[in-house]
Amino acid sequence: MEDVLSVGKLDMAFLSGLLEKYTATQDERVAIGAKIGEDAAVVDFGDRYLVAKTNPITFATDEIGWYVVNVCVNNMVVRGVRPRWMMNTILLPEDKTTPKLVEDIFRQIHEASQKVGVSIIGGHTEVTFGLDRPIVTGFVLGEIGRESLVATSGAEVGDTVLITKALGVEGTAIIASELADTLREKGYSDAFVSRAQGYLYDPGISVYKDALTAADTGTVHAMTDATEGGLATALHEMAEAAGVGLLIEVERIPVMPETKEICEAFGIDPIGLIASGMLIMTAPPDAVEGLCGALDKAGIPCTPIGEVRPADEGRRLSKAGEVADLPYFANDELTKVL
Numbered sequence: 013m014e015d016v017l018s019v020g021k022l023d024m025a026f027l028s029g030l031l032e033k034y035t036a037t038q039d040e041r042v043a044i045g046a047k048i049g050e051d052a053a054v055v056d057f058g059d060r061y062l063v064a065k066t067n068p069i070t071f072a073t074d075e076i077g078w079y080v081v082n083v084c085v086n087n088m089v090v091r092g093v094r095p096r097w098m099m100n101t102i103l104l105p106e107d108k109t110t111p112k113l114v115e116d117i118f119r120q121i122h123e124a125s126q127k128v129g130v131s132i133i134g135g136h137t138e139v140t141f142g143l144d145r146p147i148v149t150g151f152v153l154g155e156i157g158r159e160s161l162v163a164t165s166g167a168e169v170g171d172t173v174l175i176t177k178a179l180g181v182e183g184t185a186i187i188a189s190e191l192a193d194t195l196r197e198k199g200y201s202d203a204f205v206s207r208a209q210g211y212l213y214d215p216g217i218s219v220y221k222d223a224l225t226a227a228d229t230g231t232v233h234a235m236t237d238a239t240e241g242g243l244a245t246a247l248h249e250m251a252e253a254a255g256v257g258l259l260i261e262v263e264r265i266p267v268m269p270e271t272k273e274i275c276e277a278f279g280i281d282p283i284g285l286i287a288s289g290m291l292i293m294t295a296p297p298d299a300v301e302g303l304c305g306a307l308d309k310a311g312i313p314c315t316p317i318g319e320v321r322p323a324d325e326g327r328r329l330s331k332a333g334e335v336a337d338l339p340y341f342a343n344d345e346l347t348k349v350l
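First residue of the sequence shown? That's 13 in our numbering, and the numbers climb one at a time after it.
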C-alpha cells in the first residue's frame with residue numbers, strides 16, 4: 013500500500029523535486045518562480061516587477077477573513093513590496109453556511125485589507141460539497157522597482173541573522189483559544205489565558221510594519237516570515253533558497269512568558285511552533301545596529317540570533333555550549349495538541 017502523507021508541509025526534498033520536474037519555465041520574464049523558500053513569485057515588467065502570492069487558510073477559525081489577508085500580505089511585504097490588489101476564493105461548507113457567516117468573512121477581509129492599503133478586485137465564492145468548515149484562499153499582487161526587491165535567496169555568507177518579536181506567537185494564541193478550558197484545568201488563570209489569546213493581535217501575526225521598515229533601510233539581503241513549522245523550518249527554507257548554512261544561537265531567541273509556559277505544559281518545542289508575526293532577516297554585520305535601531309524606533313523588537321555560514325557547514329543550532337543540527341518540523345508542533 014502506498015504511503016499516505018501526514019498533515020502539514022510536504023517534505024522539503026520531495027517538494028523541491030516536484031517543483032524542478034513540473035514548474036520549470038522558459039519564460040525569461042519570470043525573475044523568481046516556484047522554488048523552496050521563496051515567498052512570492054516575481055515577473056519582470058521592464059522598469060518594475062510584478063509580485064504575486066497565494067495562500068490558503070484551511071484551519072477552523074472565526075477570523076478566517078482577517079487571517080487570509082494578513083498571511084498573504086506577510087508573504088508579499090518580505091519582498092519589500094507594498095501589496096496593492098487581492099482576490100479570494102471562498103469555499104463554504106454544505107448545510108452549515110448562513111448568510112451571516114458569508115457576510116462575516118467578507119467584512120473581515122474588507123476591514124483587514126483596508127488597514128494595509130489593499131484593494132479587493134474579485135474572486136469566487138461558493139457552497140462546496142464535502143467541507144466541514146470554510147476554506148479561503150487569497151491571491152495578492154503588488155509591484156516594486158527593480159532595484160528595491162528583496163529575495164529570500166539573498167542571504168550571504170557572513171550575514172547576521174535577525175528576527176523580530178518572539179517564538180510561537182501565533183501558536184500560543186491558537187492553543188490558548190482552542191484549549192482554554194484545558195489550560196484552566198491545568199491551573200492557569202483566566203488572566204493568563206486571556207493574555208495568551210491576545211497574542212494574535214499584540215504582538216500580532218502581521219509583519220507588514222516589520223518588513224517594510226526593514227526594507228526601507230536598504231540594508232537587508234534577505235527576508236522571510238515564520239509560519240508552519242515555526243522559526244526552525246523557516247530558517248531551513250531560507251538557507252535552502254540561498255544555498256547557505258546557518259549557525260543559530262538558541263539562547264538569544266526571545267520567548268514570551270505565556271509561550272514558554274504553554275509549550276512546557278503540552279510538551280511542545282517552541283522553535284517548531286507556528287509563528288506568523290516573526291520576520292527573519294539577514295544583513296551585513298555593520299548594518300545590524302542601524303537596522304535594529306530603525307525597527308526599535310518603529311516599536312518593533314529586533315534580535316540578532318546567529319550567522320550565515322557556508323553551505324558545507326550545514327544548518328546548526330547552538331544550545332548550552334553544544335552544537336547540533338537545526339531541527340526541521342514538517343509537521344508543526346501545534347499538531348501535537350490540535
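Glycine residues also receive a C-beta, built at the ideal position from the N, C-alpha and C atoms.
All of these numbers come straight from a predicted model, not from anything done at the bench.
Enclosing alpha helix (DSSP H) for residue i [first to last residue]
i	result
Glu32	24 to 34
Glu261	Per DSSP, Glu261 belongs to no alpha helix (DSSP H); it is in the beta strand (DSSP E), 257 to 261.
Glu173	For the record, residue 173 in the displayed sequence is Val; it is not Glu. Premise fails: Val173 lies in the beta strand (DSSP E), 172 to 176, not in any alpha helix (DSSP H).
Phe118	111 to 127
Asp228	220 to 228
Gly92	Where Gly92 is concerned, there is no enclosing alpha helix (DSSP H), given that its DSSP letter is neither H nor E.
Arg196	192 to 197
Glu252	242 to 254
Asp308	300 to 309
Val205	202 to 209
Range of the contiguous beta strand (DSSP E) that encloses residue i
i	result
Lys331	327 to 331
Arg60	60 to 69
Gly135	131 to 140
Ala3	As shown, the chain starts at 13 and ends at 350. That puts residue 3 outside it, with no answer to give.
Thr149	147 to 157
Val320	314 to 321
Glu334	334 to 337
Ala277	Element bounds for Ala277: not the beta strand (DSSP E) but the alpha helix (DSSP H), 269 to 278.
Ile44	42 to 44
Val55	53 to 56
Asp237	234 to 237
Exposure of residue i, with buried meaning 16 or more beta-carbon neighbours within 10 Å
i	result
Arg321	buried
Gln120	buried
Gly333	exposed
Lys65	buried
Ser201	exposed
Gly58	exposed
Arg264	exposed
Tyr61	buried
Thr225	buried
Val93	buried
Thr245	buried
Gly49	buried
Gly318	buried
Ile133	exposed
Leu212	buried
Leu30	exposed
Gly150	buried
Arg158	exposed
Phe141	exposed
Val16	exposed
Tyr79	buried
Leu22	exposed
Pro297	exposed
Assumed close pair residue i, residue j - CB separation to whole angstroms, cut-off 8 angstroms
i	j	result
Thr172	Pro316	5 angstroms
Val148	Ile76	5 angstroms
Arg91	Ala52	5 angstroms
Ser18	Asn343	6 angstroms
Leu153	Glu106	That pair is no contact at about 31 angstroms.
Ile292	Leu247	7 angstroms
His136	Thr101	5 angstroms
Glu155	Leu103	Not really, about 29 angstroms apart at Cβ, beyond 8 angstroms.
Cys314	Leu174	6 angstroms
Residue i and residue j closer than 8 angstroms at C-beta
i	j	result
Ile69	Val83	yes
Val130	Met99	no
Val63	Arg41	no
Thr176	Asp116	no
Val169	Ala234	no
Leu401	Leu179	No answer is possible for residue 401: the residues shown for the chain start at 13 and end at 350.
Val81	Ala124	yes
Val256	Ala167	yes
Val128	Tyr220	yes
Ser165	Ala310	no
Ala203	Thr184	no
Lys348	Val262	no
Thr236	Met250	yes
Glu345	Ile280	yes
Ala192	Val181	no
Lys198	Ala277	yes
Ala306	Thr229	yes
Arg145	Ala72	yes
Pairs of beta-carbons, one from the segment 215 to 222 and one from the segment 269 to 277, closer than 8 angstroms: are there three or more? no
Check whether the segment 224 to 240 and the segment 279 to 297 are in contact - that is, three or more C-beta pairs closer than 8 angstroms. yes
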